[in-house]
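Data block below; observations after.
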Amino acid sequence: MAGASVICPLLALCVSPGRDRRHRHTTTTFLVPRRRAKPDVISRIHPAASPQKNPVPEFKPVEKPDRDNEKPEDSVRPNRTSLPRSVKHLLDRIRNNLKVDEIGLDVISIALPAVLSLAADPIASLVDTAFVGHLGSAELAAVGISASVFNLVSKLFNVPLLNVTTSFVAEEQALEKGEKRFLLRANPSMNLYEDDQSKKYLPAVSTSLALAAGVGILEAIALSNGSGFLMNSIGVSADSPMRAPAEQFLTFRAWGAPPIVIALAAQGAFRGFMDTKTPLFAVGIGTLLNGLLDPILIFLLGFGIEGAAIATVLSEYLIAFILIWNLNKNVLLIPWNIDIKGTLRYLQSGGLLIGRTIAVLITMTLSTSMAAQGGTLAMAGHEICLQVWLAVSLLNDALALAGQAILANVYTQGNYKQAAVVISRVLQMGLITGISLAIVLFLGFDSFSTLFTTDSDVLEIAQSGLLFVTISQPVNAIAFVFDGLYYGLSDFAYAAYSMVLVALFSSLFLLVATPVFGLAGVWTGLFLFMFLRVLAGFWRLRSKKGPWKYVQLEDQGE
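Put into structure tokens, the structure is as follows:
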């Protein structure tokens, strides 16, 4: 009987086309009945969107309303004992959003290998430090100074290139898939996958690698020839016992800049493909080689501190080789034509992120400088808190890059509803990660602190920063996640300008509060720095401006 109720009106319309001429201009919706087992479920064929956005029509089951069971609103009496509607809605949203769905599994599958890959570099640095420490205190201090200078220069240029590459490659990959689906829809008999064995041409990959090679060579020349100037800039005098070994290490280490930048560009490409396992394999092999070469070159062959630098450089070339070798299997790395437009887009977006990175570095450097004014013990305690604070941020970084890759993919295809769900899910996972890290650090901070020192005075100062380290973790996690969301939507301009303003306010606070409150002022300033980043992120999300106007959950029927 239910099936007849659906079919009979359709037959009546077909037999009597002139019936009710007042509605002859009404748009017709084609209804395709499903199986008789579910007569009240029909499929509505939605008109196809633009090929650039969503080329494949979606067939969504729509429940037919049961008019027999419908009741007028006036007949439904509210339950006085139930929760307010707004509270129930909030609880339902939380329950539905915290479930582990396909998006959550995708984020986890990308983030977990990325965490291990990000952790490999600090592990390699610890291995170098452990071996060099047996050469003497001057050599150990020299390696620390040289590594700081090298990381400062490389981070300024390499991190922007990595993030831009990830977003642009994900966009081009999504566009290529969308074009294939559109062509297949237009001609179902066409075999679009007969040439899957041929290499893809993605201009973002070749452009990124070319820029990486150029930037890496410039970094190598600047670091090797300007090692003395850089030592003077950071206050290492010519008569310091650290000066000679620091210059030696930095001069040799500089020639590892080209493979580092190229490897980061390749990692960005793999991240754009949502593949973090290949970079993990390459970085793991390189880290293993570094650990094997250190004792041979430092002690067995007698190269000393130069041997540590050579071991690191050789491992970096191996990492770059493995990544390029695997990337070359599927992507055309050296095209015949040069993508001028793509290069300019890289330079523009990369320039914005360089400015953003400078703002971050200034704030972090200022906080360290203000902490150093409290003396040796205060600086040592602050350094322990800061290192723990930064170490656990690797999880947040991995979560951010997973969200970036997935968001760039779905947004480029025009799946705005899916993009809005990705944003919501990644933010929720970031909050859960931050709370979990806060609990772990609160319970185990004493054990973590003893890994750095056994000095009771230093440990006491570090313990005073426990509240800062733990409470800030949820805020840190969401701040890092918003970074990934900015990059996933290619909202590089807002990411840069908002960071400059946040850094300005935070730096002013550090300058005013630290002389009055000491380390408490430093830690409060760093917390303010992260909190303002979160506020800037939510303001951008709710402003419905730029790319964010398409990814509002309430506009997507959520």
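Counting from 1, one number per residue, gives the positions in the sequence shown under UniProt numbering. Beta carbons are placed, not taken as given, at the ideal position from N, Cα and C, and that holds for glycine. This structure is a prediction, so every number in the text was calculated from the model and none was measured.
Remark: three or more beta-carbon pairs, one from each stretch, lie closer than 8 Å, so the stretch 133-152 and the stretch 250-259 are flagged as touching. When DSSP states are grouped into helix, strand and coil, Lys199 belongs to the coil group. If the five residues before and after Ile319 are omitted, its C-beta is found closer than 8 Å to the C-beta atoms of Pro259, Ala263, Ala282, Val283, Ile285 and Gly286, all from its own chain and listed in chain order. Note on Arg271: 16 or more other CB atoms within 10 angstroms of its CB, so buried under the neighbour-count rule.
The alpha-carbon separation between Gln248 and Thr454 amounts to approximately 31 Å.
Around the beta carbon of Asp491, 16 or more other beta carbons lie within 10 angstroms, which makes this residue buried. Residue state for Val426 is assigned as helix, using DSSP reduced to three classes. Using a Cβ-Cβ distance cut-off of 8 Å, the stretch 466-473 and the stretch 492-503 are not in contact, since fewer than three pairs of beta carbons, one from each stretch, lie closer than that value. Distance from the CA atom of Ser208 to the CA atom of Leu344, rounded to whole angstroms, is 11 Å. Proximity to Ile123 across Leu112, Ala111, Phe273 and Ala391 peaks at Ala391, based on C-alpha coordinates.
Val331 sits in a strand when the DSSP states are folded into three classes.
Ranked by Cα distance from Leu510, the options Tyr494, Leu528, Tyr497 and Ala495 are led by Leu528. Nearest C-alpha to Asp106 among Thr276, Glu171 and Glu460: Thr276. In the structure shown, His134 adopts coil according to DSSP, grouped into three states. By the neighbour-count criterion, in which 16 or more other beta carbons inside 10 Å mark a residue as buried, Gln373 falls on the exposed side. Burial check for Ser233: the Cβ neighbour count within 10 Å stays below 16, so the residue is exposed.
Boundaries of the alpha helix (DSSP H) harbouring Tyr494: Phe492 to Phe517, taken from the DSSP string. Contact between the stretch 351-358 and the stretch 284-304 is absent: fewer than 3 CB-CB pairs across the two stretches fall below 8 Å. Between the stretch 432-441 and the stretch 401-416, the count of C-beta pairs closer than 8 Å stays below three; the two stretches do not touch. If you draw a straight line from the Cα of Asp446 to the Cα of Leu467, it comes to about 12 Å. A contact between stretches requires three or more CB pairs, one per stretch, nearer than 8 Å, and the stretch 474-489 meets this requirement with the stretch 159-172.
Annotation for Pro241: Ala138 place their beta carbon closer than 6 Å to its own, counting only its chain and skipping 5 residues before and after. With a beta-carbon spacing of about 12 Å, Gly546 and Tyr497 fall beyond the 8 Å limit used to define contacts.
Secondary structure remark: continuous alpha helix (DSSP H) runs of at least 4 residues inside the stretch 212-277, in chain order: 227-233, 243-253 and 257-272.
One alpha carbon belongs to Asn415, the other to Pro113, and they sit about 26 Å apart. Exclusion of the five residues before and after Ser237 leaves Arg243 as the residues of its chain whose Cβ lies within less than 8 Å of its Cβ. In terms of Cβ geometry, Asp339 and Pro160 do not form a close pair [threshold 8 Å]. In this structure, the straight-line span from the alpha carbon of Thr365 to that of Gln173 is close to 38 Å. For the options Ala265, Thr312, Leu526 and Ser206, the alpha carbon positioned closest to that of Leu126 is the one of Thr312.
For Lys341, the enclosing alpha helix (DSSP H) begins and ends at Ile340 to Ala372. With a cutoff of 8 Å on beta-carbon distance, Ala308 and Val132 are scored as near each other.
The closest CA to that of Gln413, considering only Glu176, Asp121 and Lys155, is found on Glu176. About 5 Å separates the beta carbons of Gly381 and Val458, which is inside the 8 Å limit, making them a contact pair.
Between the C-alpha atoms of Leu314 and Pro279 there is a straight-line separation of about 17 Å.
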